[in-house]
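Working notes, structure below.
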Amino acid sequence: MKIFPEEECRRAVGLPFEIQQQLRSGDFAFITEMGRQLQIDENVLCSANYMVNLFFIRRSYLNYDRHIISTAALMLACKTHNFRRQNKRIYPNTFASTYHSVFHRRMHGADRQPPVFDDTLKAEYLMKIFKGEFKLLKTLEFDVDIDLPLYYLENVISKLYTNIEDKNVFMTMARVMANESLRSIAPLCVRTQAVAVACVVLAGVICNLPRPQHLVLINAESWWTIVSPDLTLQEITQAIRLIMEAITMK
Numbered sequence: 001m002k003i004f005p006e007e008e009c010r011r012a013v014g015l016p017f018e019i020q021q022q023l024r025s026g027d028f029a030f031i032t033e034m035g036r037q038l039q040i041d042e043n044v045l046c047s048a049n050y051m052v053n054l055f056f057i058r059r060s061y062l063n064y065d066r067h068i069i070s071t072a073a074l075m076l077a078c079k080t081h082n083f084r085r086q087n088k089r090i091y092p093n094t095f096a097s098t099y100h101s102v103f104h105r106r107m108h109g110a111d112r113q114p115p116v117f118d119d120t121l122k123a124e125y126l127m128k129i130f131k132g133e134f135k136l137l138k139t140l141e142f143d144v145d146i147d148l149p150l151y152y153l154e155n156v157i158s159k160l161y162t163n164i165e166d167k168n169v170f171m172t173m174a175r176v177m178a179n180e181s182l183r184s185i186a187p188l189c190v191r192t193q194a195v196a197v198a199c200v201v202l203a204g205v206i207c208n209l210p211r212p213q214h215l216v217l218i219n220a221e222s223w224w225t226i227v228s229p230d231l232t233l234q235e236i237t238q239a240i241r242l243i244m245e246a247i248t249m250k
């Protein structure tokens, strides 16, 4: 996965960063709602969010329909995960009908009935979604094997926190923070393993656990090297700052 300079991510689409962040959070919420209705697991949702974030670092929000791109990313993420791991089939018509209901509810509220989802509307949506999928693939340079912070959490926790009373609660909070990191630009400009460490540190703060540097079995001066000797404190700190920035903006 390519890493971008933070400044490039902030000025990418010519919009104020605060506006970009609001749009990013909106895309995250839309993908999450689509995923809930389609019963898609969080790894797929995170991949889709990463694709959308990267797409709009390289493409202007003003030129593309965010909801169509988000739907296309979700369908593409399902293909990369499910076809590779579970051999499941993807039904574009289901994505189109779910897009129809979720988009209408977000735009007009639950009280207003959506238009009838007829063949004409279905064909229109499918054409837009397939076009969006192709735009995504070109923008991602057909590299869809995405490395996510979620994949590293268990390993990071096992190295930093060896004696946790309720590991399940801590792991759940770390997963929440890993999901929240996708609202930020952290995965775009910080290495994935460093983002995962940042998520674990933030989860530890929320769960009122000692900071890694305060644990008896860890060398306080270089605690992050227990996870990987290639990591730096600077990139972990940068990831924490970017994740917290996104959380406080939403």
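For the sequence shown, counting from 1, position 149 maps to 149 in UniProt numbering; every step adds exactly one.
For every residue, glycine included, the Cβ atom is placed at its ideal position computed from N, Cα and C.
If you reduce the DSSP assignment to three classes, tell me which class residue 12 lands in. coil
Are the stretch 175-189 and the stretch 148-162 touching by the rule of at least three beta carbon pairs closer than 8 Å? yes
Which residues in the same chain as residue 101 place their Cβ atom closer than 7 Å to its Cβ, once the five residues preceding and following it in sequence are excluded? 114
With DSSP run on the structure shown, which of helix, strand or coil describes residue 27? helix
Does residue 173 pass the burial test, meaning 16 or more other C-beta atoms within 10 Å, or should it be called exposed? buried
How many whole angstroms separate the CB atoms of residue 177 and residue 98, which I take to be in contact at a CB cut-off of 8 Å? Contact flag wrong, Cβ pair sits at about 27 Å.
Can you tell me the Cα-Cα spacing of residue 66 and residue 108, whole angstroms? 17 Å
Counting Cβ pairs, one atom from each stretch, are 3 or more of them under 8 Å apart for the stretch 32-51 and the stretch 126-134? no
So, with DSSP's three-state summary, where would you put residue 187? helix
Residue range of the alpha helix (DSSP H) that residue 39 falls in? Note, residue 39: premise wrong, no alpha helix (DSSP H); not H, not E.
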